[in-house]
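Protein chains in written order, with this note's numbering: chain Y, 11 to 370; chain V, 240 to 476.
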C-alpha cells in the first residue's frame with residue numbers, strides 16, 4: 011500500500027532476514043534473564059508484516075521454542091493492513107497465538123483518503139472484508155485508525171460504522187506530524203464530541219467499546235490525584251528492530267532505517283547506547299508543562315510522537331498539547347455521566363464492581 | 240498555537256479508585272479469597288481458585304504454577320500511543336501460611352489472611368513481609384474476641400476484615416493497602432502453594448492495558464508468599 015502518512019517512509023521490500031530475527035529474539039531473551047518477572051512481547055510490524063509471511067511464521071516458531079527454554083512467557087502481536095489476511099492466515103495466526111490489530115481508518119471515503127494501494131486504487135473494500143473475517147474469529151480484535159487531516163471530518167461516521175460492524179476495541183492514532191489547519195482542528199474537536207456521545211450511548215445500550223483516547227484519560231484519573239507520569243517504553247523496556255538489525259527505541263523511530271541519533275545499537279552488539287526518553291518525572295518535564303494541571307494525564311509520554319513533532323522525545327508538540335486540552339474534558343464528561351447513571355458496564359470495567367450504596 | 244499549560248482543572252467529576260475504596264471492598268475481597276484459595280487448595284472457601292470476576296471484562300488470573308503460556312491481555316499494537324500503566328491489584332497470603340488462633344471460647348483453629356494491594360506497590364509488599372509476625376499477632380488478637388462460628392455470619396466477617404484492614408494499615412505504615420480478606424481453614428497449611436496474583440479486574444481496555452505485570456527487583460526482598468529462599472520467579476525475590 012501507499013499510505014500517505016506512513017512513518018516507515020519509502021518502501022523498499024526489505025524484509026528482515028531469518029538470522030537477524032533470530033538474533034533479535036536471542037538478544038531480547040538474554041536481556042530478560044536478569045529480570046525478576048520477565049515477559050517478552052514480540053510485535054511484527056512494517057510496512058506490512060504479512061508480506062513476509064513465511065518469515066513471520068518461522069520466527070514465531072523460533073521465538074516460541076527459545077522462550078520455552080528460557081522459561082519466559084511470550085506473546086505475539088501483528089499490525090496488518092488486512093489486504094493479505096486470507097482465511098488460511100487468520101487460522102494460522104490464531105494457531106500461533108498472535109494478537110492481530112487491523113489498520114482501518116473508517117468508512118471507505120475516510121480510509122481511501124490516506125490508505126490507497128500502491129498503484130493508487132482504493133483499498134477500503136478489501137480491508138472491510140478482512141475486518142468481517144477477522145471479527146468472526148476474534149470478536150475483540152483491535153482496530154487501529156490513524157487520524158489525519160484527510161479523514162478527520164469523517165471521524166464520527168467512521169466510529170459509528172466500525173462499532174456498528176462489531177468492533178469493540180478501537181485505537182485512534184493521530185498523525186502528529188501532519189499539518190493540522192484550523193478547519194481540521196475544528197473537525198477533530200467536533201468528531202471527538204460526537205465520539206463521546208457514541209461512547210456513552212454504547213454503554214447505555216450494553217455494547218460498550220474501548221476507545222483509547224477516552225479510556226486512557228479515565229484510567230489516569232482513577233489512579234488518583236498524585237501526579238504519576240507514565241512514560242512509554244521508549245528505549246526502556248521497548249525496542250524496535252529494523253530489517254538491517256539496527257535497534258531503535260520504538261517502531262515509529264525506525265523510519266527508513268538511515269541510522270541517526272535514535273539508534274541504540276544492533277542485534278550483533280546489543281544495546282550500546284541510550285537515548286533520552288519522554289519525561290518520567292516532574293523534574294524532566296519541559297518548562298511550559300510543569301505547572302499544567304493536566305500533566306499527569308497528558309499523552310506527552312509518547313517519546314516518538316514528541317520526536318516527530320519537535321525533534322525532542324521529551325518535548326511535546328503544540329497539536330498534542332491542544333489535543334490533550336480538548337480530549338480530557340470530553341473523556342471526563344462521558345465518564346461522569348456514566349458513573350452518575352451507575353452504568354453497570356462502566357462500573358464493572360473501570361471500578362471492578364461496586365457494592366450498592368445506601369438508597370441505591 | 241503554543242503549548243498552553245492549564246493552570247487548574249476540576250472537570251473530572253467521578254471518583255478515583257481510592258474515593259470508592261469502601262464500595263470496591265467486595266470486589267477486592269474476591270481477589271484476597273482467590274489468593275487464599277489458590278494457596279491453600281481452597282477446599283473450605285466458597286470462592287474457587289478461579290476467583291470471581293468483578294466487571295464486564297474483569298477476571299482474576301490466579302497463578303498457582305509457573306505459566307507456560309501467559310494470560311493474553313491484548314497487547315498494544317506497535318507504533319500506537321502507549322497506554323498508561325494500570326497496575327491492578329494483587330493479593331498475597333500474609334506470612335505464607337495459615338495462622339493458628341484461639342477463639343473467645345478457648346477453642347483453637349486456623350485462619351488465612353490475604354492482603355490486597357496495587358501490584359507495583361513494592362514498598363508495601365516489603366513492609367507486609369517485614370511485619371509478618373506483628374500482623375499474625377493482630378489476627379490472633381482479633382480472633383480472640385470472636386466465637387468459632389463467626390465465619391458463618393457474613394456481616395461479622397466484614398467487620399473483622401475492616402478491623403484487620405485498619406490494624407494492618409497501622410502496623411505496616413505504608414499507604415496503599417486496599418483490602419484484607421480472612422478465611423477459616425480446616426487445617427494448618429505450613430507451606431502454602433504459590434498464591435494467586437490477580438490484576439484488578441478493571442481491565443479497562445485493550446488500549447489501556449499495561450504490557451504485562453512487572454515487578455521491580457527488590458534488593459534483599461523476601462517472597463511475600465514463601466518468605467526467604469523462594470525460587471518461584473513469579474513472586475520470589
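We treat Cβ as the ideally placed atom computed from N, Cα and C, and that holds for glycine. Just so we're clear, the structure is a prediction, and the values are computed from it rather than from any experiment.
Residue contact check for residue 242 of chain Y against chain V: a CB pair falls below 8 angstroms.
Residue 347 of chain V carries a strand assignment under DSSP once its states are collapsed to helix, strand and coil. By the neighbour-count definition (other C-beta atoms within 10 Å, threshold 16), residue 246 of chain V is an exposed residue. Spatial neighbours of residue 304 of chain Y in its own chain (CB-CB distance under 8 angstroms, excluding positions within 5 residues in sequence) are listed in chain order as 334, 335 and 338. If you look at residue 51 of chain Y, you'll find it in the beta strand (DSSP E) that goes 50-54.
DSSP places residue 248 of chain Y within a strand segment (E or B) once states are collapsed to three. Interface residue (Cβ-Cβ distance to chain V less than 8 angstroms): residue 173 of chain Y is not classified as such.
For residue 423 of chain V, the enclosing beta strand (DSSP E) begins and ends at 416-424. Note on residue 393 of chain V: under 16 other CB atoms within 10 angstroms of its CB, so exposed under the neighbour-count rule. Remark: C-beta atoms of residue 378 of chain V and residue 340 of chain V approach each other more closely than 8 angstroms. Here residue 356 of chain V is bridged, per DSSP, to V:329 and V:416.
In the three-state reduction of the DSSP assignment, residue 256 of chain V falls in the coil class, being assigned neither a helical nor a strand state.
By the criterion of at least three beta-carbon pairs nearer than 8 angstroms, the region 246-255 of chain V is not in contact with the region 335-353 of chain V.
Annotation: the continuous beta strand (DSSP E) that includes residue 155 of chain Y extends over 152-157. Per DSSP, residue 146 of chain Y is one residue of the alpha helix (DSSP H) stretching across 134-147.
Nearest CB-CB separation between residue 268 of chain V and chain Y: not below the 8 angstroms threshold. Less than 8 angstroms separates the beta-carbon of residue 344 of chain Y from that of residue 209 of chain Y. The DSSP-derived three-state label of residue 249 of chain V is coil. Around the beta-carbon of residue 271 of chain V, 16 or more other beta-carbon atoms lie within 10 Å, marking it buried. Any Cβ of chain Y closer than 8 angstroms to the Cβ of residue 349 of chain V would place that residue at the interface, and such an atom is absent.
Considering only Y:30, Y:61 and Y:32, the residue with the shortest C-alpha distance to residue 22 of chain Y is Y:61.
Scanning its chain for C-beta atoms nearer than 6 angstroms, with the 5 sequence neighbours on each side dropped, one finds around residue 404 of chain V the residues 419, in chain order. Under a criterion of Cβ atoms nearer than 9 angstroms, the residues of chain V adjacent to residue 154 of chain Y are, in order, 316, 318 and 319.
Closer than 8 angstroms to the CB of residue 245 of chain V there is at least one CB belonging to chain Y.
One Cα belongs to residue 387 of chain V, the other to residue 402 of chain V, and the distance between them is close to 17 angstroms.
Taking all protein chains in view, the Cβ of residue 423 of chain V is crowded by 16 or more other Cβ atoms within 10 Å, so the residue is classified as buried.
DSSP places residue 348 of chain Y in the uninterrupted alpha helix (DSSP H) bounded by 328-350. Using a Cβ-Cβ cut-off of 7 angstroms, residue 253 of chain V is close to 345, 346 and 349 of chain Y, given in chain order. The beta carbons of residue 259 of chain Y and residue 288 of chain Y sit no closer together than 8 angstroms. With contact defined as three or more Cβ pairs closer than 8 angstroms, the region 172-192 of chain Y and the region 133-149 of chain Y are in contact. In the DSSP secondary-structure assignment, residue 338 of chain V is bridged to V:350. Identification of residues in the region 390-410 of chain V having a C-beta nearer than 7 angstroms to some C-beta of chain Y yields an empty set. Distance between residue 385 of chain V and residue 216 of chain Y, taken at the CA atoms: about 44 angstroms.
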